[in-house]
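Visitor: Chains as they are written, first to last, in my numbering: chain C, -6 to 728; chain L, 5 to 155. The C-beta atom is built at its ideal place from N, Cα and C for all residues, glycine as well. All of these numbers come straight from a predicted model, not from anything done at the bench. Below is the structure I would like to discuss, written out as structure tokens.
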């Protein structure tokens, strides 16, 4: 049997309450979000605990259940979208609980802020490369408390000192090794013992880890190679209908005419739902629904945003960015230092709107009834989704049942609940469950985009080329102001300036500010790497410009400014060494470097490119050095470095969403280009091992790669790329 | 219209319009959800299945074009030696991330190895460049195909 029960489509799941799931027999462990409190772990007989009581008393944020058969179930607070979190979090638990990784079953957690909050994000969201960082201590503590209880139960039965017993692979042994009891046999008894305070429970010295730090196998691989894995889009329910949807091509527009009759003549079409902002055709299957949608020949009234264009958005950013913004950092006297500098460098950088274009198109299945709303979806934000649906339906939150799923690529898109909200609005008109699926075109044209940013920078260098003044103004949409308003104080969006306000370099006089400019007719949101994806490109390009102005080698120049920052210096040195920095290259080949501190990790990359005479950029090799402190699974990190790098590189080479007449001009993978296998460079990962606190990994390589590549293009051609995506026309051989 | 489809060795009766893509017949009518919807325009390969051993994009394959050809999907590719070898290699090299595109990747790779048991890098590029992976697992896909092929 599969240890991962995510393949099961539980037919009567609707009837099975969380309460029933948590009740039953065996040992149930909860763990608190910080791991700091003495009561951060509790244990109880599973039969006596119900979720809300537990939440009130201990505020734990996760559940581990050991049942009498010995099965260990971890109810996973974070969602799996490819980043490997179901494996890494299971490893944290298994290490201290002393069970084998394949003894752990994983279940998706339902929305519950009190139980499953991510302590770094402050909400039950999967994002910000924060999962391992947030659960590193609490999950190990929970495992340790569980192990101690199980050992104590065995010792009691044998009438020996627990200190003489040990646990291994889910079995407790006595001193001689002749007596042994499995965790399943001990679970009930363990649950009745007094719980040791988590703070008193000793955690392993990292040098004694047997699982953490190893290339353990992913727990979700086997179901993903033979079609068994279930994503939200795979939901099937008795009586379920499937809906294709057309959303107004212009934000704020409305359907003007809908040929409902024509749609209904299509075999298999059952219903046309017109909710003004969108039209859905509900059918027995998606093939009929799509055909019906086409037959409906919808025309639209564009509304107020029918004239939105990229040119106007950029013009607005150019104007607004001339005015001062909310100050993120102000050290020294930049004005004076700039005026007295021996040399001044100025630049404007721009990065485009980006779609997420995850492989699994947006979809959501809803069954709305009078007193409840059941939802099947893959979401990075289950509690936000639940609240929005409660608001929309007028039902209490407890009546909104969300079943999370494996996500076929998140990248930040599923932090937004717009797809679920739309599906619920449609479901209001449908009797029985309905699965709403967006076409790829709808998915790309109605995304919530990474904002377009325009940055103005100035620096002053002294006679030796050292930067004595640095100013950086960022202008663009504030995702944070909409998504987490309390985090924005005095107009300063901490995400928009992340990795710009605190560059890793020694800069005695620095001024960084943010000008919020919201483009009309465009929805913006989180995109893999969040703030740093934009800022590291800008900062690392600009520091490269300064190195050039100072007539210094880009690596040596950076090293000269990192004397105070040994971890940044170490990743830079490692990447440069492994990449063979400084060794000769043919004409129109070049190497570029970038350095980053973000998500609690230090990263450096060296890219090697070849720029053809016609401007075509071939990225040949990327060397990545990463110091993410103590790490859980080096194989997952390597996979994230490979994949995260390609995600960022795809955007640097191809990614751009543009607007004309209020409409997105791209629509599918032929106009919003993904990277394909024949374009992929070799990505090498060099991991630094140390005892620092764990850092995030999933987004680091995405954020850092663009600058490494554009700096390499500069080395190859002498042309500085100051806006993305890379315009190959500007890189043609001296024309 | 009624059609009898031979899928993974069994016959299935379906009653749909002839222009309905095979993809939706598999997923929605027959409940075989291993074959994925990605783009609807044969641009991403997520929906790849075999028709008489050839890799085709099921989103652009009309059901009335299938006739009595044998359709193989990801659910049954492990019964073929190339499919089994690829699935094993996928696991050994830990290829998957989100996993959504991997059904199509494996189906394309299985068709490649059937015709070209020892593919070169260029042959892998040619056979696999129609399959998009947004997680960026390409480096491992390439390595796993070689691993399965023993090259």
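(1) If we count Cβ pairs, one from each stretch, closer than 8 Å, do we get three or more for the region 669 to 689 of chain C versus the region 618 to 636 of chain C?
(2) So, using beta-carbon positions, are residue 371 of chain C and residue 341 of chain C closer together than 9 Å?
(3) Could you tell me the distance, in whole angstroms, from the CA atom of residue 722 of chain C to the CA atom of residue 605 of chain C?
(4) Can at least three beta-carbon pairs, one atom from the region 337 to 356 of chain C and one from the region 372 to 382 of chain C, be found at a separation below 8 Å?
(5) Go to residue 106 of chain C, then tell me how far its alpha helix (DSSP H) extends in each direction, as first and last residue.
(6) Give me the chain L residues within the contact set of residue 650 of chain C, using Cβ-Cβ distance strictly less than 7 Å, ordered along the chain.
(7) Quick one: is residue 261 of chain C buried, meaning 16 or more other Cβ sit within 10 Å of its Cβ, or exposed?
(8) Among the residues of its own chain, which have a CB less than 7 Å from the CB of residue 175 of chain C, if the five just before and after it don't count?
(9) Would you mind sorting residue 675 of chain C into buried or exposed? The rule is 16 or more other CB atoms within 10 Å of its CB.
(10) Put residue 69 of chain C into one of helix, strand or coil per three-state DSSP.
(11) Based on Cα-Cα distance, which residue from C:413, C:349, C:458 and C:143 lies nearest to residue 550 of chain C?
(12) For residue 16 of chain L, which residues of its own chain have a beta-carbon under 6 Å away from its beta-carbon, when the five flanking residues on both sides are left out?
(13) Can we say the region 650 to 663 of chain C touches the region 43 to 60 of chain L, given the rule of at least three CB pairs closer than 8 Å?
(14) Figure out for me which residue from C:246, C:103 and C:113 has the closest Cα to the Cα of residue 687 of chain C.
(15) Using beta-carbon positions only, say whether residue 586 of chain C and residue 548 of chain C come within less than 9 Å of one another.
(16) By the DSSP assignment, the beta strand (DSSP E) with residue 324 of chain C in it spans what residues?
(17) Please state whether the Cβ-Cβ distance between residue 696 of chain C and residue 517 of chain C is less than 9 Å.
(18) Check whether chain C comes within 9 Å of residue 24 of chain L, counting only Cβ atoms and requiring the distance to be less than that.
(19) Got a sec, what are the start and stop residues for the beta strand (DSSP E) residue 129 of chain C sits in?
(20) Note down the Cα distance separating residue 336 of chain C from residue 244 of chain C, rounded to an integer number of angstroms.
(21) For residue 215 of chain C, return the contacting residues in chain L, with the cut-off set at a CB-CB distance below 8 Å.
(22) For the pair the region 142 to 153 of chain C and the region 99 to 114 of chain C, tell me if three or more CB-CB distances fall below 8 Å.
(23) At 4 residues or longer, and completely inside the region 249 to 311 of chain C: list those alpha helix (DSSP H) runs for me, N to C.
(24) Going along chain C, which residues have a C-beta under 7 Å from residue 112 of chain L?
(25) Decide if residue 504 of chain C is buried, meaning its Cβ has at least 16 other Cβ atoms within 10 Å, or exposed.
(26) Where residue 15 of chain C and residue 182 of chain C are concerned, what is the direct C-alpha to C-alpha distance, given to the nearest angstrom?
(27) How about residue 556 of chain C and residue 562 of chain C: do their beta carbons lie closer than 9 Å?
(28) Indicate whether residue 130 of chain C and residue 327 of chain C have their beta-carbon atoms separated by less than 9 Å.
(29) Taking 9 Å as the cut-off, decide whether the C-beta atoms of residue 418 of chain C and residue 385 of chain C are in contact.
(30) Could you check if residue 626 of chain C belongs to the surroundings of the ligand NAD, using beta carbon to heavy atom distance under 8 Å?
(31) Against chain C, with Cβ distances strictly below 9 Å, would residue 41 of chain L count as a contact?
(32) Under 8 Å, with one C-beta from each stretch per pair, do the region 84 to 96 of chain C and the region 422 to 437 of chain C reach the 3-pair mark?
(33) Taking 9 Å as the CB-CB limit, is residue 354 of chain C close to chain L?
(34) Who are the Cβ neighbours of residue 491 of chain C in its own chain at under 6 Å, not counting the five residues just before and after it?
(35) For the region 211 to 250 of chain C, which segments carrying the beta strand (DSSP E) assignment without a break, of at least 3 residues, lie completely within its bounds, in sequence order?
(36) Looking only at DSSP bridge pairs, what is residue 365 of chain C linked to?
Guide: Well, looking at it:
(1) yes
(2) no
(3) 11 Å
(4) no
(5) 106 to 109
(6) Result: empty, since nearest Cβ-Cβ is about 15 Å, beyond 7 Å.
(7) buried
(8) 63, 163 and 164
(9) Under a 10 Å Cβ-count criterion, residue 675 of chain C is classified as exposed, with fewer than 16 other Cβ atoms of the shown protein chains found around its own Cβ.
(10) strand
(11) C:458
(12) Cβ neighbours of residue 16 of chain L beyond the five flanking positions: 9 and 34.
(13) yes
(14) C:113
(15) yes
(16) According to the DSSP assignment, residue 324 of chain C belongs to the beta strand (DSSP E) that extends over 319 to 324.
(17) Taking C-beta atoms as the reference points, residue 696 of chain C and residue 517 of chain C fail to come closer than 9 Å.
(18) When Cβ-Cβ separations below 9 Å define contact, residue 24 of chain L makes contact with chain C.
(19) Taken as a continuous stretch (DSSP letters only), residue 129 of chain C belongs to no beta strand (DSSP E), being part of the alpha helix (DSSP H) at 124 to 151.
(20) 46 Å
(21) Neighbours of residue 215 of chain C on chain L, chain order: 95.
(22) Because the criterion of three Cβ pairs below 8 Å is not met, the region 142 to 153 of chain C and the region 99 to 114 of chain C do not touch.
(23) 253 to 257 and 279 to 288
(24) Going along chain C, no residue has its Cβ under 7 Å from residue 112 of chain L, so there is no contact; the nearest lies around 10 Å.
(25) Buried is the call here.
(26) Caution is warranted here: a pLDDT of 38 is assigned to residue 15 of chain C, below 50, making its placement in the model unreliable, and no coordinate value can be reported.
(27) yes
(28) Cβ atoms of residue 130 of chain C and residue 327 of chain C: not closer than 9 Å.
(29) yes
(30) The model depicted lacks the ligand NAD and carries no ligand whatsoever.
(31) So, interface residue.
(32) Touching, no, given that fewer than three Cβ pairs across the two stretches are closer than 8 Å.
(33) yes
(34) 524 and 525
(35) 234 to 240 and 247 to 250
(36) None, per the DSSP bridge assignment.
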